[in-house]
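S.K.: If you scroll down you'll find the structure; I have some questions about it.
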Amino acid sequence: REVHRDTLGFSEALRSALREDPDIILVGEMRDLETIRLALTAAETGHLVFATLHTSSSAKTIDRIIDVFPAGEKSMVRSMLSESLRAVISQTLLKKNGGGRTAAWEIMIGTPAIRNLVREDKVAQMYSAIQTGQAQGMQTLDQHLQELVRRGLVSRLDARTRAANKDLFR
30 REVHRDTLGF SEALRSALRE DPDIILVGEM RDLETIRLAL TAAETGHLVF
80 ATLHTSSSAK TIDRIIDVFP AGEKSMVRSM LSESLRAVIS QTLLKKNGGG
130 RTAAWEIMIG TPAIRNLVRE DKVAQMYSAI QTGQAQGMQT LDQHLQELVR
180 RGLVSRLDAR TRAANKDLFR
């Protein structure tokens with residue numbers, strides 16, 4: 030379903046899509062409580078859900094999803110999210126040396142450790158878990174920025190503007 034062509038809004042489109050028993054659902058952007066709630070329900074019932082949010086890190090994405098819910102529901106939402114989370118990819122565009130742009134990204138995989146941090150509301154510890162989770166395919170944005178600088182694709186100064194730890198790019 031396409032919003033404004035087939036339906037009036039994200040939540041209505043998601044509700045209609047669920048009736049058609051899809052394997053994969055793409056939510057263009059999770060903007061409101063109802064859309065986020067429906068996306069979580071879809072994921073919890075076995076659908077693979079891809080969605081976008083405007084955040085600057087994986088941890089902030091988790092916070093944004095949980096924070097939209099009323100206080101009395103946050104614990105349940107953390108539990109739902111911890112059970113259904115597969116991965117979060119956070120990306121940003123930087124000026125590329127020589128012209129153009131290149132993407133830098135953070136990858137957080139829904140490992141048992143990450144799921145536990147979500148469930149126990151220990152989002153502040155996610156950066157460390159991502160940093161040490163390279164064997165599972167994870168990387169922080171700073172790690173990828175360092176790689177882009179090392180390869181000469183972006184300047185140290187541009188990388189520093191997007192880095193969580195600015196000292197890495199002095």
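The opening residue of the sequence shown carries number 30 in our numbering; numbering runs sequentially from there.
All residues carry an ideal CB built from backbone N, CA and C; glycine is no exception.
1) DSSP on R130, reduced to helix/strand/coil?
2) Within the continuous beta strand (DSSP E) that includes L55, where are the two ends?
3) Are the Cβ atoms of L77 and I95 separated by less than 7 Å?
4) Between the alpha carbons of L43 and M59, how many angstroms are there, rounded?
5) Considering only C-alpha positions, which residue in the set G181, A164, Y156, L182 is nearest to D171?
6) Measuring alpha carbon to alpha carbon, tell me which residue in L177, S184, R93 is nearest L82.
7) Given the structure, does V117 come close to the ligand SAH, in the sense that its CB is under 6 Å from one of the ligand's heavy atoms?
8) On the CB-based measure, 16 or more other CB atoms within 10 Å of its CB, does S146 come out buried or exposed?
9) Just checking my contact of S111 with W134 at CB under 8 Å: how many whole Å lie between their CB atoms?
10) Mind pulling the beta strand (DSSP E) runs of 3 or more residues that sit fully within the segment 98–150?
11) Can you look up L69 in the DSSP assignment and give me helix, strand or coil?
12) So, with DSSP's three-state summary, where would you put L174?
13) For A80, name the three-state secondary structure that DSSP assigns.
14) Of the choices G162, F79, A80, G127, whose alpha-carbon is the least far from that of P141?
15) On the premise that I65 lies in contact with V97, defined as a C-beta separation below 8 Å, what is that separation, rounded to the nearest angstrom?
16) So, with DSSP's three-state summary, where would you put T74?
M.R.: In short, the structure shows the following:
1) Counting from one through the sequence shown, the residue named residue 130 turns up at place 101. Here R130 sits in strand by DSSP.
2) Taking the sequence shown and counting its residues from 1, the one referred to as residue 55 is at position 26. Note, L55: beta strand (DSSP E), 53–56.
3) The count along the sequence shown starts at 1 and reaches residue 77 at position 48. The count along the sequence shown starts at 1 and reaches residue 95 at position 66. No; because the gap between Cβ atoms is not below 7 Å, this pair is not in contact.
4) By one-based count along the sequence shown, residue 43 stands at place 14. By one-based count along the sequence shown, residue 59 stands at place 30. Those two C-alpha atoms are separated by around 11 Å.
5) Locating residue 171 in the sequence shown gives position 142, where the first residue counts as 1. Of the listed residues, the one whose Cα sits closest to D171 is Y156.
6) The residue you call residue 82 lines up with position 53 of the sequence shown. Selection L177, S184, R93 evaluated against L82 yields R93 as nearest (Cα-Cα).
7) Ligands are entirely absent from the displayed structure, and the ligand SAH is therefore not among its contents.
8) The residue given as residue 146 occupies position 117 in the sequence shown. Here residue 146 is Leu; the residue named in the question, Ser, does not match the sequence. Under this definition L146 is a buried residue.
9) Against the sequence shown, residue 111 aligns to sequence position 82. Against the sequence shown, residue 134 aligns to sequence position 105. The Cβ separation is near 22 Å, so there is no contact.
10) You should have 116–124, 130–138.
11) The residue labelled residue 69 in the question sits at position 40 within the sequence shown. Secondary structure at L69: helix, using DSSP grouped into helix, strand and coil.
12) Within the sequence shown, the letter at position 145 stands for residue 174. Looking at L174 - three-state DSSP - the assignment turns out to be helix.
13) Position 51 of the sequence shown, counted from the first residue, corresponds to residue 80. Residue state for A80 is assigned as strand, using DSSP reduced to three classes.
14) Position 112 of the sequence shown, counted from the first residue, corresponds to residue 141. Residue G162 is the option with its Cα nearest to P141.
15) Locating residue 97 in the sequence shown gives position 68, where the first residue counts as 1. Locating residue 65 in the sequence shown gives position 36, where the first residue counts as 1. At roughly 6 Å, the Cβ-Cβ gap stays under 8 Å, so V97 and I65 are in contact.
16) Walking along the sequence shown from the start, residue 74 turns up at place 45. DSSP places T74 in the coil class of the three-state scheme, outside both helix and strand.
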